[in-house]
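**Student:** Got a structure for you, questions after.
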Amino acid sequence: MTATTLTLIRNTSFSLLGLILLGYALAVLITGRPDPVSPIVPGAAGILTGIVVTLTARMATGKAAGITWDELTRATWRQALIGGYWVAVWLYALFGLGLYLDLVSPEQSFAAMGTLTGAAPFLMFLTAWVRGRV
Amino acid sequence: MAGLINSLRTHRERAGLTQAELAEAIGVSRKTINTVENNVFIPSTLLALKLARCLDTSVHDIFALEDGA
């Protein structure tokens, strides 16, 4: 498996996971239910992504895996994690206000904040991919 | 990046290598070479040394500080 294929699989998997988590959070907010679909979906999607990325990296040569996670990619992922941290901090403020104003329930906040916090780094990585950085 | 002079593209073209060939030679992605050449990404010392070795030159010949930087 070439580095290009491996990169495509990794980027697609990460993007899909980010979109699934974002979709779950939006569904929570739109429907007003903490479980708009089975609550196992976000966790299962995360675990499946981890399995796919790990297995495909194992199937490739060490050099291809190294190129896939080269210096630029690691720097981009680090930036995505930093961005994700600040998203999480702001979510506390945002949903705290929502709870205070009785716009969301604690159950909704828990489900939406958890999945949005998980989605943020992957969506930032997706943005970097669209910008041609990874 | 303001303050950094980067002549990687010149050295690479002088060596007759494409971005993909240089990337393959030092074990990084073509995008990494592209972003370094365009001053979007500043490489680590290790990567800079690998680039210099592959292009048979010194890091100082590829990267330099602008006057006053």
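Taken in sequence, the protein lines are chains A and B. Quick note: the first sequence uses our numbering, first residue 1, plus one each step. Quick note: the second sequence uses our numbering, first residue 135, plus one each step. Cβ atoms here follow ideal geometry from the backbone N, Cα and C, with glycine treated the same way.
1) Between A:Val72 and the rest of its own chain, which residues show a CB-CB distance below 8 Å, the 5 nearest in sequence each way excluded?
2) Given that a residue counts as buried once 16 or more other Cβ atoms are within 10 Å of its Cβ, and exposed if not, what is A:Thr54?
3) Taking 9 Å as the CB-CB limit, is B:Ser178 close to chain A?
4) With H, G and I counted as helix, E and B as strand and the rest as coil, what does DSSP make of A:Ala93?
5) Spell out whether any CB of chain B is found under 9 Å from the CB atom of A:Ala120.
6) Please classify A:Ser38 as buried or exposed, where buried requires at least 16 neighbouring CB atoms within 10 angstroms.
7) CB-CB under 6 Å to A:Ser13, same chain, minus the five flanking residues each way: which ones, in chain order?
8) Which chain A residues are close to B:Val193, counting only those with a beta carbon under 9 Å from its beta carbon?
9) Residues of the stretch 161 to 173 of chain B with a CB closer than 7 Å to any CB of chain A: list them in chain order, please.
10) As an exercise, report each continuous beta strand (DSSP E) stretch of at least 3 residues that is fully enclosed by the stretch 177 to 203 of chain B, in chain order.
11) Starting from B:Leu138, trace the beta strand (DSSP E) both ways and give me its first and last residue.
12) By Cβ distance below 6 Å, which residues in the same chain neighbour A:Ala128 in space, the five residues on each side in sequence not counted?
**Tutor:** Concretely, from the data shown:
1) It should be noted that the sequence gives Leu, not Val, for residue 72 of chain A. Arg133, Val134, listed in sequence order.
2) Using a 10 angstroms sphere on the CB of A:Thr54, the tally of other CB atoms stays under 16, which defines it as exposed.
3) Judged by the 9 Å Cβ criterion, B:Ser178 is in contact with chain A.
4) Helix.
5) By this cut-off, A:Ala120 is not an interface position.
6) By the neighbour-count rule (16 or more Cβ atoms within 10 Å), A:Ser38 is not buried but exposed.
7) The residues are Thr49, Val52, Val53.
8) Here the premise fails: no neighbours, minimum Cβ distance about 15 Å.
9) Correct list: Gly161, Val162, Ser163, Lys165, Thr166, Thr169.
10) Counting only unbroken stretches of 3 or more residues, the beta strand (DSSP E) elements lying wholly within the stretch 177 to 203 of chain B are 197 to 199, in sequence order.
11) It spans 138 to 140 - the beta strand (DSSP E) in which B:Leu138 sits, taken as one unbroken run.
12) Excluding sequence neighbours, A:Ala128 sits near Thr76, Val134.
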